[in-house]
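Mind the numbering: the sequence shown is residues 503 to 609 in this note's numbering, read in order. Glycine residues also receive a C-beta, built at the ideal position from the N, C-alpha and C atoms. In what follows, a single structure is set out as structure tokens and then discussed.
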Amino acid sequence: MIAAERGCTRPGCNAPATLTQVHHVTDWAKGGATDIENLTLACDSCHSLVGDGPDNWKTVVIPQDSENAGRIGWIASRLVDPTQTPRVNDRHHAGELVAAAIRSLRP
Ligand SMILES: [Zn+2]
Numbered sequence: 503m504i505a506a507e508r509g510c511t512r513p514g515c516n517a518p519a520t521l522t523q524v525h526h527v528t529d530w531a532k533g534g535a536t537d538i539e540n541l542t543l544a545c546d547s548c549h550s551l552v553g554d555g556p557d558n559w560k561t562v563v564i565p566q567d568s569e570n571a572g573r574i575g576w577i578a579s580r581l582v583d584p585t586q587t588p589r590v591n592d593r594h595h596a597g598e599l600v601a602a603a604i605r606s607l608r609p
């Protein structure tokens with residue numbers, strides 16, 4: 503997980519992997535497995551934002567037919583994002599952003 507995610511996966515968070523804990527994307531209490539496909543890294547502050555309430559954030563696995571497939575998407579509360587669009591954290595993946603930019607510039 504550290505090699506793949508490199509840090510907290512909530513968009514905009516800079517916390518490195520050493521300051522994170524493992525979060526179940528589908529809550530363990532709701533049948534979510536402690537399985538690599540259902541886990542992500544989240545710092546204490548971001549982890550505390552996740553929950554079922556209307557003001558809480560939610561986490562999802564980005565579907566395979568989407569951009570960022572397989573990564574963890576965070577959905578902000580409805581007050582922050584009425585569109586409820588899952589977003590990924592690119593702050594720990596600058597190299598991938600540069601590679602994508604270079605690919606887009608090539609004919
Ligand atoms: Zn964080």
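Item to check | Nearest-angstrom Cα separation, counted from R512 out to G534 | outcome: Straight through space, the alpha carbons of R512 and G534 are spaced by roughly 19 Å.
Next on the checklist: Below 7 Å, is the gap between the Cβ of S547 and the nearest heavy atom of ligand 1?
Outcome noted: Yes.
Item to check | V600, enclosing alpha helix (DSSP H) - first and last residue | outcome: From DSSP, the alpha helix (DSSP H) with V600 extends over A596 to L607.
Checklist entry - In terms of DSSP beta bridges, what is V552 paired with? => result V552 is bridged to W559.
Checklist entry - Does the beta carbon of R573 fall short of 7 Å from some heavy atom of ligand 1? => result No; taking the cut-off as 7 Å, the Cβ of R573 has no heavy atom of ligand 1 nearer than that.
Next on the checklist: In this structure, how does DSSP classify T520 when only helix, strand and coil are distinguished?
Outcome noted: Note: T520 maps to helix in three-state DSSP.
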